[in-house]
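Asks: Note that full-length UniProt numbering numbers the sequence shown so that position 256 is 256, with each residue one more than the last. No residue lacks a Cβ here, since even glycine has one placed at the ideal position from N, Cα and C.
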Amino acid sequence: MKFGQDYQVALSRGEYPPDWIESAISYKKLKKCIKRVQQELISLGLDKETLNELWQHVGPNSDNSTDEQVLQYSLQKSGKIPFTPKLTIAIDPRDGSPMDAWLSPDTRRVLRRLVNKERLTTVNGDQVAHASADNDSPRPSVSEADSVSDGDSMVENEAGTSSRKHRHTDTIEVPLTSDSEFFQILRRELSELDQLQVAEQQRIQDEITALGNELQRLKTSRKKRSKQEVETWRNIFQMYQDAEIFSSMHEADAGDRDSTQAQKHFEEFNKALEPQREEIMKLGQLAGGSLDRFLRINVKLLRLIKFQEINKTALTKIMKKFDKRTSLHTRATIQNSLTKTPFLAENLSRATCFTITNELLNLIPQLNDYLYNVDFELMLFLHKNFKKDVKQKQHENEIAAGIDRWGEQYGKSQKCIIM
Numbered sequence: 001m002k003f004g005q006d007y008q009v010a011l012s013r014g015e016y017p018p019d020w021i022e023s024a025i026s027y028k029k030l031k032k033c034i035k036r037v038q039q040e041l042i043s044l045g046l047d048k049e050t051l052n053e054l055w056q057h058v059g060p061n062s063d064n065s066t067d068e069q070v071l072q073y074s075l076q077k078s079g080k081i082p083f084t085p086k087l088t089i090a091i092d093p094r095d096g097s098p099m100d101a102w103l104s105p106d107t108r109r110v111l112r113r114l115v116n117k118e119r120l121t122t123v124n125g126d127q128v129a130h131a132s133a134d135n136d137s138p139r140p141s142v143s144e145a146d147s148v149s150d151g152d153s154m155v156e157n158e159a160g161t162s163s164r165k166h167r168h169t170d171t172i173e174v175p176l177t178s179d180s181e182f183f184q185i186l187r188r189e190l191s192e193l194d195q196l197q198v199a200e201q202q203r204i205q206d207e208i209t210a211l212g213n214e215l216q217r218l219k220t221s222r223k224k225r226s227k228q229e230v231e232t233w234r235n236i237f238q239m240y241q242d243a244e245i246f247s248s249m250h251e252a253d254a255g256d257r258d259s260t261q262a263q264k265h266f267e268e269f270n271k272a273l274e275p276q277r278e279e280i281m282k283l284g285q286l287a288g289g290s291l292d293r294f295l296r297i298n299v300k301l302l303r304l305i306k307f308q309e310i311n312k313t314a315l316t317k318i319m320k321k322f323d324k325r326t327s328l329h330t331r332a333t334i335q336n337s338l339t340k341t342p343f344l345a346e347n348l349s350r351a352t353c354f355t356i357t358n359e360l361l362n363l364i365p366q367l368n369d370y371l372y373n374v375d376f377e378l379m380l381f382l383h384k385n386f387k388k389d390v391k392q393k394q395h396e397n398e399i400a401a402g403i404d405r406w407g408e409q410y411g412k413s414q415k416c417i418i419m
């Protein structure tokens, strides 16, 4: 199955809300735009083979800024329009002919016709002189508007083509409409995805804040049931940290997880959570609601990460197809601009997990925090709520310290040994 079909199936299986689907990259529509760009280029004599030849003359290390540049394709910012694609080809300012004589007669004829229509700019940003304002007067040719001085002509006659690098080079802008349509659609959809991400992240943030407030009230409550619930939440958060759902700290697979891996670890966490879920439900409806809220936060984050991934893939695929069909070489210069949008650049899981840790997990300290405790308020909280566990942990820490000081024999002995 092709990616386009997989993409449509992924969007239509009912996993995402309608407004998400409307904001997604319209892969099918953009494919149709690519066909129109291809047809438009062919009509101008710029088929794939011709453009590939031009790019070979540009060279792999070109900086797209020199006077000798044969071909350029770039996005310009123009007023309220974020991206305006421009395709420019170098021409000889004396007669308007393309700098590369090997171009086909049809292509050269089209380019000359464009020059005669005064669609001409200079690489240095200099403006070509326009024709007289009188509509009845004849329009000057490019050679008349940008004539070469007698001195320059003598140099050309004496040095031949070697003088080209000393000669001013103009460029003709090839008018394309289909590529503008392609990038305007793509840019608009990326903007909508940015807005969607901001809204969804705010919803997740609101859920985290609400749950944090519930746990804060629970933590300060003196009810016996609240103490039991705090103990249950401590176990849940310990399991959550051990599950490493969105990122791994292990050397073998350290780093952020993709949506598939995160989904797998979340399902394992859910399965291991069943005993704690039963304990929570025994404590009442409010306790069960808090647990449901915590799980819902993770489900929403997983769904948003997955949606981000399929749209990233869609962008990569459609840009690759654009280059393959048109030979305009956009990926190196244009895709970088597109992928800087917040929806594609921001690491959703890392940002949200940081918030979960700060606003939720830190509310119910783990016994491991006792190892590095310098906060007396935290120490009192642990002693008050988890006396048995703290006593056991303290005993384990003392044994570990003894082993560090006197060796493994200390740990094996059940009696105090005077060294």
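Report the residue ranges of all alpha helix (DSSP H) runs contained in full by the stretch 267-304; include only those spanning at least 4 residues, in chain order.
Replies: Counting whole runs of 4 or more residues, the stretch 267-304 contains the alpha helix (DSSP H) stretches 274-282.
Asks: What's the call for LYS365, buried or exposed, on a 16-neighbour Cβ count within 10 Å?
Replies: For the record, residue 365 in the displayed sequence is Pro; it is not Lys. Per the 10 Å Cβ criterion, buried.
Asks: Are the Cβ atoms of ARG257 and PHE246 separated by less than 8 Å?
Replies: Cβ atoms of ARG257 and PHE246: closer than 8 Å.
Asks: When the distance is taken between beta carbons, is ARG303 closer than 8 Å to LEU291?
Replies: No. Outside cutoff.
Asks: When the Cα atoms are used, what is the spatial distance from ASN64 to ARG350?
Replies: Bear in mind that a pLDDT of 45 at ASN64, under 50, signals an unreliable position, so the number given afterwards is only what the model happens to contain. Approximately 37 Å between the Cα atoms of the pair.
Asks: Which term fits ASN213, buried or exposed, when burial requires 16 or more other beta carbons within 10 angstroms of its beta carbon?
Replies: Exposed.
Asks: Pick helix, strand or coil for SER248, following the three-state DSSP scheme.
Replies: Strand, per DSSP.
Asks: Which stretch, first to last residue, makes up the alpha helix (DSSP H) that contains ILE364?
Replies: ILE364 -> no alpha helix (DSSP H), and no H or E assigned at all.
Asks: Please report the straight-line C-alpha distance between THR66 and LEU51, rounded to a whole angstrom.
Replies: Its pLDDT being 41, under 50, THR66 is placed unreliably in this model, and the coordinates cannot settle the point.
Asks: Would you mind stating whether PHE322 and ILE42 have Cβ atoms separated by less than 8 Å?
Replies: Taking 8 Å as the Cβ cut-off, PHE322 and ILE42 do not qualify as a contacting pair.
Asks: Which same chain residues, not among the five before or five after PRO342, have their C-beta less than 8 Å away from its C-beta?
Replies: If we look at PRO342 and ignore the five residues flanking it on each side, its Cβ neighbours are ASP194, GLN197, VAL198.
Asks: One question on the structure: do GLU359 and THR209 come within less than 8 Å of each other, judged by their Cβ atoms?
Replies: For GLU359 and THR209, yes; Cβs fall inside 8 Å.
Asks: Can you have a look at PHE354 and say buried or exposed, based on whether 16 or more other CB atoms are within 10 angstroms of its CB?
Replies: Its Cβ having fewer than 16 others within 10 Å, PHE354 is exposed.
Asks: By Cβ distance below 7 Å, which residues in the same chain neighbour GLU279 in space, the five residues on each side in sequence not counted?
Replies: These residues qualify, in order along the chain: THR232.
Asks: Measure the Cβ-Cβ separation of GLN38 and ARG325 and say whether it is below 8 Å.
Replies: Yes, the Cβ-Cβ distance between GLN38 and ARG325 is below 8 Å.
Asks: Would you say ILE25 and LEU315 are within 8 Å of each other, going by their C-beta atoms?
Replies: Yes, the pair counts as a contact, with Cβ atoms nearer than the cut-off.
Asks: Please work out which residues of its chain come closer than 8 Å, Cβ to Cβ, to MET239, disregarding the five sequence neighbours upstream and downstream, and give them in chain order.
Replies: Once the five neighbours on either side are set aside, the close Cβ partners of MET239 are PHE269, ALA272, LEU273, GLN276.
Asks: Thinking just about the alpha-carbon of each residue, which of LEU283, LEU215, ALA254 is nearest to the one in LYS224?
Replies: The candidate whose alpha carbon is nearest that of LYS224 is LEU283.
Asks: In whole angstroms, what separates the C-alpha of GLY4 from that of ILE185?
Replies: Rounded to the nearest angstrom, the two C-alpha atoms are 17 Å apart.
Asks: According to the Cβ coordinates, are TYR73 and HIS329 closer than 8 Å?
Replies: Yes, the Cβ-Cβ distance between TYR73 and HIS329 is below 8 Å.
Asks: In or out: PRO17 buried (at least 16 other Cβ within 10 Å) or exposed?
Replies: Exposed, by the Cβ-count rule.
Asks: Within 10 Å of its beta-carbon, does MET319 have 16 or more other beta-carbons around it, so buried, or fewer, so exposed?
Replies: Answer is buried; the Cβ neighbour count reaches 16.
Asks: Identify whether THR220 lies in helix, strand or coil by the three-state DSSP scheme.
Replies: Note: THR220 maps to helix in three-state DSSP.
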